[in-house]
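Enquirer:
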Amino acid sequence: MAADEPGALELFVSIGLSESKARETLRNQALSALLREAVVQAQEILGSAADKTVGTLLYNVASRLKDPKHLGFLVEYIATKKIVTDLQLNAALEYVKSHPVEPIDAADFARECGVGVIVTPEQIEEAVEASISKHKAQLLSERYRFNMGLLMGEARSKLKWADGKIIKNEVDLQVLHLLGPKTEADLEKKSKAPKARATEPDKKGKAAVVENGDACQETKSLMEQLRGEALKFHKPGENYKTEGYVVTPNTMNLLKQHLEITGGQVRTRFPPEPNGILHIGHAKAINFNFGFAKANGGICFLRYDDTNPEKEEEKYFTAIRDIVEWLGYTPYAVTHASDYFDQLYTWAVDLIRRGHAYICHQKVEEIKGHNPPPSPWRDRPVEESLLLFEDMRKGKFAEGEATLRMKLVMEDGKMDPVAYRIKYTPHHRTGDKWCIYPTYDYTHCLCDSIENITHSLCTKEFQARRSSYFWLCNALDVYCPVQWEYGRLNLLYTVVSKRKIIRLVDSGAVRDWDDPRLFTLTALRRRGFPAEAINNFCARVGVTVAQCTMEPHMLEACVREVLNEQAPRVMAVLEPLCVTIVNFPAPHKTLEIDVPNFPADETKGFHKVPFQPTIYIEQSDFREVSLWMGGRGNVLRKRRKLIFVPLGAQNGVLQKLWAPQPDASGAYFILL
1 MAADEPGALE LFVSIGLSES KARETLRNQA LSALLREAVV QAQEILGSAA DKTVGTLLYN
61 VASRLKDPKH LGFLVEYIAT KKIVTDLQLN AALEYVKSHP VEPIDAADFA RECGVGVIVT
121 PEQIEEAVEA SISKHKAQLL SERYRFNMGL LMGEARSKLK WADGKIIKNE VDLQVLHLLG
181 PKTEADLEKK SKAPKARATE PDKKGKAAVV ENGDACQETK SLMEQLRGEA LKFHKPGENY
241 KTEGYVVTPN TMNLLKQHLE ITGGQVRTRF PPEPNGILHI GHAKAINFNF GFAKANGGIC
301 FLRYDDTNPE KEEEKYFTAI RDIVEWLGYT PYAVTHASDY FDQLYTWAVD LIRRGHAYIC
361 HQKVEEIKGH NPPPSPWRDR PVEESLLLFE DMRKGKFAEG EATLRMKLVM EDGKMDPVAY
421 RIKYTPHHRT GDKWCIYPTY DYTHCLCDSI ENITHSLCTK EFQARRSSYF WLCNALDVYC
481 PVQWEYGRLN LLYTVVSKRK IIRLVDSGAV RDWDDPRLFT LTALRRRGFP AEAINNFCAR
541 VGVTVAQCTM EPHMLEACVR EVLNEQAPRV MAVLEPLCVT IVNFPAPHKT LEIDVPNFPA
601 DETKGFHKVP FQPTIYIEQS DFREVSLWMG GRGNVLRKRR KLIFVPLGAQ NGVLQKLWAP
661 QPDASGAYFI LL
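Here the sequence shown is numbered in full-length UniProt numbering, starting from 1 and rising by one per residue.
1) Okay, do the segment 379 to 399 and the segment 445 to 453 touch, 3+ Cβ pairs below 8 Å being the bar?
2) If I follow the unbroken alpha helix (DSSP H) through Phe12, where does it start and stop?
3) Please report the distance separating the alpha-carbon of Ala659 from that of Ile581.
4) Rounding to the nearest angstrom, what Cα-Cα distance links Gln566 and Leu34 in this structure?
5) Taking DSSP as the reference, what is the three-state secondary structure of Thr80?
6) In its own chain, which residues sit with a C-beta less than 6 Å from the C-beta of Arg303, not counting the 5 before and 5 after it?
7) With C-beta atoms as the reference, is Lys423 less than 8 Å away from Glu561?
8) Helix, strand or coil for Glu19, going by three-state DSSP, please let me know.
9) Could you say which of Pro100, Ile501, Tyr493, Ser141 lies nearest to Leu71 if we only look at CA atoms?
10) Quick one: residues in its chain with C-beta nearer than 8 Å to the C-beta of Ala546, no 5 flanking neighbours on either side, listed in chain order?
11) Is Ala531 closer than 8 Å to Trp326 when the C-beta atoms are compared?
12) Along the alpha helix (DSSP H) that carries Lys315, what are the first and last residues, could you check?
13) On the DSSP bridge list, what partners appear for Cys473?
14) What number of angstroms, rounded off, separates the C-alpha of Tyr332 from the C-alpha of Gly16?
15) Run through DSSP, which three-state label would Gln612 get?
16) For Leu555, which residues of its own chain have a beta-carbon under 6 Å away from its beta-carbon, when the five flanking residues on both sides are left out?
17) Determine the burial state of Cys578: buried for a count of at least 16 other Cβ atoms within 10 Å of its Cβ, exposed for fewer.
18) Leaving out five residues before and five after Pro438 in sequence, what residues of the same chain have Cβ atoms less than 7 Å from its Cβ?
19) Within this structure, are the beta carbons of Val115 and Tyr77 separated by less than 8 Å?
20) Looking only at its chain, what residues have a beta carbon closer than 7 Å to the beta carbon of Lys160, apart from the 5 residues adjacent to it on each side?
21) According to DSSP, what are the bridge partners of Gln483?
22) Taking only runs of the alpha helix (DSSP H) that begin and end inside the segment 335 to 422, which ones reach a length of at least 4 residues, in chain order?
23) Determine the DSSP secondary structure at Tyr59, reduced to helix, strand or coil.
24) Per DSSP, Leu302 forms a beta bridge with which residues?
25) Please work out which residues of its chain come closer than 7 Å, Cβ to Cβ, to Trp347, disregarding the five sequence neighbours upstream and downstream, and give them in chain order.
26) Measure the C-alpha to C-alpha separation of Leu140 and Lys182 and round it to an integer number of angstroms.
27) Alpha carbon to alpha carbon, what distance is there between Arg511 and Val349?
28) Taking Thr549 as the reference, which of Asp172, Trp377, Leu491 has the closest Cα?
29) In the DSSP output, what is Met550 paired with across the bridge?
30) How many angstroms separate the CA atom of Arg525 from the CA atom of Val595?
31) Is the beta carbon of Tyr316 closer than 8 Å to that of Asn289?
32) So, helix, strand or coil for Thr522, using DSSP?
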């Protein structure tokens, strides 16, 4: 029903909305259409216009109801005054959300939602009076400093469907009657006892000293990433509460079986393609999938999406697992999409039998893009598609001559995505057993279903595949997990795309995947970046729906923070420049200076550094500048060479020292 039909404004005003609120509602087509339908249904039940109380509840239903199929059911209870308070309406909305499959048990609904329950003022007065009597002695002692919320909570526990405002007013009235008006002593602010400050070592904790960045402790990233959208995630077994989740008549039975298998455990997975090395963007995915599972007492699978034998190599499998473990995570199980090839093939045959898939002979070039011509084979008989699919499996077609396509339109408009294609390249695990391989669109959701994944976490570019994810699981009548999307992580001034990095490696622009110029995780490890720093960087970035593009210096700052606590200080001069201190206090002795191993925490010990008249500095820490020095009366009298030597890294200040020209050996004699 169109929201802007004549009379809609008057209709909304008639239920108690202000004219401005009614006009605002009309600008939201979905809301206004649902509200109009609710008001019309209520008027048909009442035989007259709805009053303001009913109108307010109808507006709340229209604005908060996730599944419109329950609208008529709720409108009937509101119109007949069986639901009269916001508390009852909140319970009703939660009930229909938790019971998505019709029909709804009316008796159970009435019991859970307080239908027909009316709480009288006398009942509220008695409940509050009983609570005050219970705490009377403490009330008289503490007076208005007593926690009044305790009284309200006890009254609410006895009268679940009572209005909270009425309970509060009754508590205030009876407390005033017992204690009288507030005195000056009651109005004085209570002084707070100062909190004991934790010592610096206690706050930071002891960080293990690491060598070559190989050690990794548990970091703050686990909980810090569980912000924003992650807090809205459904509980295991409550997939149907997710917006957009498709509920079928068998959904609740499948969820029940799923819970029997998992025991309500959170299950995630990290599913990389073994056709390259992981980069900094994958670190965010690893942290989120493993971290979310660990923070909720769950498990995370490492599943290789090995469905393209042309691009997969054994070295990538090994390197991926090595990096995951280097970051500090241990997979619950290491699985492969190829583990499920037999089951996936069986389901593909079943999909054809159900009329949801067909064999197509269009070329790859013909079906590229979002507006390809429709397949002339879309309506071919099921039996014919079954025979042709078997011929594909037996190798009777050349590559590209036939594909299995699913009958659906994706969210981005792409029509009938490919489920199986022909490839005669031997698979690294299954050899030449198969010459047909499933695509990502077909494999991803079904592997999640097989492993009983509860939260399928993937980056935003897969949002267009969410509809096909739900569709395929429901088309085969198998357990359907929930796909959640988040923004991917990009870094400025570098390449964070596996496809582009492969091109750089293949062209020889970089030596290999661990070239220090890249931001692959193997390259960062080779540069000495600690795993903990990468995890902390991912935590700072967080998990949001929006795409994140960060400056590399933010990652480097995380590295400095970790190394500052974990790396003991040592010194080395790579390009030495000899400097002799002329007036050294002990020219024939070697002085020993105590230098802290960790400048930020002297409790971790010191080491001795010998100090002699001859020292060596980096050539890059030295330069000469011609400068005229002014004498008395600001008269320029003499030209000398000015030497800048940055002494000490405490504050980075360049110390200015005077010296003559270097001697024949190239050494500078400095008078301190």
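Glycine included, C-beta positions come from ideal geometry on N, C-alpha and C.
Expert: Working from what's here:
1) no
2) 8 to 14
3) Interpretation of Ala659 is limited by its pLDDT of 45, a score under 50 that renders its predicted location unreliable; the figure taken from the coordinates is listed afterwards. Spanning the two alpha carbons is a distance of roughly 11 Å.
4) 60 Å
5) coil
6) Arg269, Pro271, Thr335
7) no
8) helix
9) Nearest option by C-alpha distance: Pro100.
10) Gly487
11) yes
12) 314 to 326
13) Its beta-bridge partners do not exist; DSSP assigns none.
14) 57 Å
15) coil
16) Phe537
17) exposed
18) Thr307, Leu344, Ala419, Tyr420
19) yes
20) Gly114
21) Ser456
22) 341 to 353, 364 to 367, 382 to 393
23) helix
24) Phe270, Val334
25) Leu446, Leu476
26) 12 Å
27) Looking at the backbone, the Cα of Val349 and that of Arg511 are separated by about 45 Å.
28) Leu491
29) Leu491
30) Arg525 and Val595 have their C-alpha atoms some 28 Å from each other.
31) no
32) helix
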